[in-house]
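For what it's worth, numbering that gives the first Met the number 0 labels the leading residue of the sequence shown as 0, then goes sequentially. Scroll down for the structure; my scribbles are underneath it.
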Amino acid sequence: MQRLLSLKLLPQIHRNLSNGATNLSKANHCFSAPYTTSSHSWRLQNVKFSHGVFSNPLFSKQLLANTHFRGDPSKVLAYRTVGLGRTQLGRRNFHSNSLVGSIRRSWRSSYGRFSTDGVVLCLIFTNVAVFLLWRVADSRFMMRNFMISVDNFTSGRVHTLITSAFSHISTWHLVSNMIGLYFFGTSIGRYFGPEFLLKLYLSGAVAGSVFYLLYHAFIVPSLQTQRGQLLSMHPSQTLGLGASGAVNAVMLLDIFLFPTKIVYFNLVIPVPAILLGIFMVGKDVLRIYEGDTLVSGSAHLGGAAMAAITWARVRRGRF
Numbered sequence: 000m001q002r003l004l005s006l007k008l009l010p011q012i013h014r015n016l017s018n019g020a021t022n023l024s025k026a027n028h029c030f031s032a033p034y035t036t037s038s039h040s041w042r043l044q045n046v047k048f049s050h051g052v053f054s055n056p057l058f059s060k061q062l063l064a065n066t067h068f069r070g071d072p073s074k075v076l077a078y079r080t081v082g083l084g085r086t087q088l089g090r091r092n093f094h095s096n097s098l099v100g101s102i103r104r105s106w107r108s109s110y111g112r113f114s115t116d117g118v119v120l121c122l123i124f125t126n127v128a129v130f131l132l133w134r135v136a137d138s139r140f141m142m143r144n145f146m147i148s149v150d151n152f153t154s155g156r157v158h159t160l161i162t163s164a165f166s167h168i169s170t171w172h173l174v175s176n177m178i179g180l181y182f183f184g185t186s187i188g189r190y191f192g193p194e195f196l197l198k199l200y201l202s203g204a205v206a207g208s209v210f211y212l213l214y215h216a217f218i219v220p221s222l223q224t225q226r227g228q229l230l231s232m233h234p235s236q237t238l239g240l241g242a243s244g245a246v247n248a249v250m251l252l253d254i255f256l257f258p259t260k261i262v263y264f265n266l267v268i269p270v271p272a273i274l275l276g277i278f279m280v281g282k283d284v285l286r287i288y289e290g291d292t293l294v295s296g297s298a299h300l301g302g303a304a305m306a307a308i309t310w311a312r313v314r315r316g317r318f
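Structure below.
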């Protein structure tokens with residue numbers, strides 16, 4: 000209908016053009032319209048922070064006794080703008096699908112300038128920056144905005160679903176996650192591109208946080224009731240942080256896609272990728288069953304679930 004209307008108006012435009020510049024400006028005005036576009040978990044014990052992360056020793060002790068760090072130290076592994084064409088001049092509505100598609104293609108073209116290595120290094124740099132921020136920023140601010148918990152989430156700090164996946168306090172926690180991200184993220188990015196890798200990391204981060212929240216909101220209270228356990232802090236107040244959910248999504252997708260590839264467990268032991276994947280998932284299930292308070296198996300399994308969903312979609316040709 001839009002194209003037909005444009006064709007009917009072409010003779011009128013031609014007559015207006017022959018009348019001079021004044022009519023031409025009026026004709027152009029008829030077709031110019033503003034447009035818009037739609038466009039983890041270890042608990043630290045006997046650890047000292049040398050840069051004054053926590054100024055209150057009592058407060059520090061309480062935090063470290065009830066804080067989860069989403070990471071597993073045994074898991075370290077090696078391994079143009081499209082301009083409006085002349086044929087679009089007669090279109091009356093610049094909200095058309097072709098314009099939106101052009102803008103999206105333009106955005107993708109600009110994004111394509113980033114390489115896989117660039118995205119991986121950017122993610123690592125962001126994690127390191129937040130790690131250093133823990134050393135200089137107010138600890139209460141960091142806990143409210145860079146750690147995930149049921150209370151944090153229900154208080155309206157929804158952003159912690161993602162920010163907690165860029166947050167580390169322990170140096171070894173950070174190093175282990177970043178090594179896994181570098182080797183496996185580079186592999187995924189080379190096959191699917193940097194945009195896919197970034198989306199996978201963020202999706203794994205959200206999935207890990209969601210699983211963490213569900214576990215502490217429903218499963219932990221139920222287990223405490225069954226076992227008659229009493230804790231000094233309610234599970235909804237238990238804080239967690241770390242990139243392990245996001246990194247697990249990247250690592251396990253690579254393992255699912257290339258199960259026979261040789262990877263190095265703890266940077267030393269060569270094993271087939273599929274065996275490592277089974278070990279990782281099995282260990283996290285065991286952590287949940289035993290009620291491990293040192294490592295959050297729930298956050299790890301959230302990343303594993305995202306990897307499984309992505310793997311299934313890749314096999315169906317959805318990506």
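Just so it is clear, CB atoms sit at the ideal spot from N, CA and C, and this is done for glycine as well. Predicted model, so just to flag it, every value in this text is computed and none were measured.
Drop a sphere of 10 angstroms on the beta-carbon of D253, count the other beta-carbons inside from all chains shown, and report buried for 16 or more, exposed for fewer.
Counting from one through the sequence shown, the residue named residue 253 turns up at place 254. Per the 10 Å Cβ criterion, buried.
Counting pairs of beta carbons, one from the stretch 258-276 and one from the stretch 196-203, are three or more of them closer than 8 Å?
no
How far does the beta strand (DSSP E) with L238 in it extend, from its first residue to its last?
The sequence position of residue 238 within the sequence shown is 239, counting from 1. Note, L238: beta strand (DSSP E), L238 to L240.
Since S202 contacts M305 with CB under 8 Å, what's their CB separation in whole angstroms?
Reading the sequence shown from its first residue, position 203 is the one you call residue 202. Reading the sequence shown from its first residue, position 306 is the one you call residue 305. S202 to M305, Cβ: 5 Å. Contact.
Helix or strand or just coil, what does DSSP make of V267?
For the purposes of this step, residue 267 is taken as residue 268 along the sequence shown, with counting starting at 1. V267: coil per DSSP, three-state reduction.
Answer yes if the stretch 160-177 comes into contact with the stretch 135-149, meaning at least three C-beta pairs across the two stretches below 8 Å, and no otherwise.
yes
Mind reading off the beta-carbon distance from S297 to F217? Whole number of angstroms is fine, and I expect it under 8 Å.
In the sequence shown, counting from the first residue as 1, residue 297 sits at position 298. In the sequence shown, counting from the first residue as 1, residue 217 sits at position 218. So it is not a contact: roughly 11 Å between Cβ atoms.
With burial defined as no fewer than 16 other Cβ atoms inside 10 Å of the residue's Cβ, what is the status of D137: buried or exposed?
For the purposes of this step, residue 137 is taken as residue 138 along the sequence shown, with counting starting at 1. D137 is exposed by the Cβ-count criterion.
Bridge partner(s) assigned by DSSP for I147
Within the sequence shown, the letter at position 148 stands for residue 147. Partner(s): G239.
If you reduce the DSSP assignment to three classes, tell me which class V261 lands in.
On the sequence shown, position 262 is the one that residue 261 refers to. Position check: residue 261 holds Ile in this sequence, whereas Val was assumed. Three-state DSSP puts I261 in a strand.
Compute the distance between the beta-carbons of V246 and N176, then report whether it is under 7 Å.
Numbered from its first residue, the sequence shown carries residue 246 at position 247. Numbered from its first residue, the sequence shown carries residue 176 at position 177. Cβ distance < 7 Å, so V246 and N176 count as in contact.
Assuming the contact rule is C-beta atoms closer than 8 Å, S243 and G316 should be a hit. Round their C-beta distance to whole Å, please.
The residue you call residue 243 lines up with position 244 of the sequence shown. The residue you call residue 316 lines up with position 317 of the sequence shown. With a Cβ gap of about 30 Å, S243 and G316 do not count as contacting.
Report yes if the C-beta distance between L193 and V118 is below 7 Å; otherwise report no.
Within the sequence shown, residue 193 is the residue found at index 194, counting from 1. Within the sequence shown, residue 118 is the residue found at index 119, counting from 1. The sequence given here places Pro at residue 193; Leu does not occur at that position. The answer is yes: Cβ separation under 7 Å.
Excluding the five sequence neighbours on either side, which residues of its own chain have a C-beta within less than 6 Å of the C-beta of M250, listed in chain order?
As a position in the sequence shown, residue 250 is number 251, starting the count at 1. For M250, where only same-chain residues beyond five positions count, the Cβ hits under 6 Å are G179 and F183.
From F113 to V262, what does the alpha carbon distance come to, in whole angstroms?
Translated into the one-based positions of the sequence shown, residue 113 becomes position 114. Translated into the one-based positions of the sequence shown, residue 262 becomes position 263. Each residue's alpha carbon lies about 27 Å from the other.
Return the first residue and the last residue of the alpha helix (DSSP H) that Y288 is part of.
As a working note, residue 288 is residue 289 in the sequence shown. That run of the alpha helix (DSSP H) goes A272 to E289.
Which class does T159 belong to by DSSP, given the choice of helix, strand or coil?
The residue you call residue 159 lines up with position 160 of the sequence shown. The answer is helix: DSSP assigns T159 an H, G or I state.
Quick one: grab the DSSP three-state call for F113.
Taking the first residue of the sequence shown as position 1, residue 113 is located at position 114. Three-state result, F113: coil.
Would you give the residue range spanned by the alpha helix (DSSP H) that Y211 belongs to?
Position 212 of the sequence shown, counting from 1, holds the residue named residue 211. First-last of the alpha helix (DSSP H) with Y211: P193 to L213.
To the nearest angstrom, how far is the alpha carbon of F257 from that of I187?
Locating residue 257 in the sequence shown gives position 258, counting from the first residue. Locating residue 187 in the sequence shown gives position 188, counting from the first residue. When rounded, the distance between both Cα atoms is 10 Å.
Could you round the C-beta distance between T185 and D283 to whole angstroms and report it? I think they count as a contact, below 8 Å.
Working through the sequence shown from its first residue, we reach residue 185 at position 186. Working through the sequence shown from its first residue, we reach residue 283 at position 284. T185 to D283, Cβ: 24 Å. No contact.
CB contact flag (G290, L222, <7 Å):
By one-based count along the sequence shown, residue 290 stands at place 291. By one-based count along the sequence shown, residue 222 stands at place 223. For G290 and L222, yes; Cβs fall inside 7 Å.
Sequence-distant residues of its chain with Cβ nearer than 8 Å to R314 (five each side left out):
On the sequence shown, position 315 is the one that residue 314 refers to. Hits under 8 Å: none found.
Of the listed residues L238, G281, A248 and T125, nearest to R139 (C-alpha basis):
Mapped onto the sequence shown, residue 139 falls at position 140. Nearest of L238, G281, A248 and T125 to R139, Cα basis: L238.
I308, enclosing alpha helix (DSSP H) - first and last residue:
Mapped onto the sequence shown, residue 308 falls at position 309. Per DSSP, I308 belongs to the alpha helix (DSSP H) from G296 to R314.
So A206 and A248 are supposed to be a Cβ contact under 8 Å. How far apart are they, rounded?
Locating residue 206 in the sequence shown gives position 207, counting from the first residue. Locating residue 248 in the sequence shown gives position 249, counting from the first residue. Correct: roughly 7 Å between the Cβ atoms.
Quick check on the burial criterion: 16 or more other C-beta atoms within 10 angstroms. Buried or exposed for L327?
This structure gives no information on residue 327, because the portion of the chain shown stretches from 0 to 318.
In the structure shown, what three-state DSSP assignment does L293 receive?
Residue 293 sits at position 294 when you count from the first residue of the sequence shown. Residue state, collapsed to three classes: coil.
Would you mind sorting H158 into buried or exposed? The rule is 16 or more other CB atoms within 10 Å of its CB.
Within the sequence shown, numbered from 1, the residue matching residue 158 stands at position 159. It counts as exposed.
What does a CB cutoff of less than 6 Å around I123 pick up in its chain, not counting 5 residues either side in sequence?
By 1-based counting over the sequence shown, the position of residue 123 is 124. Correct list, in chain order: M177.
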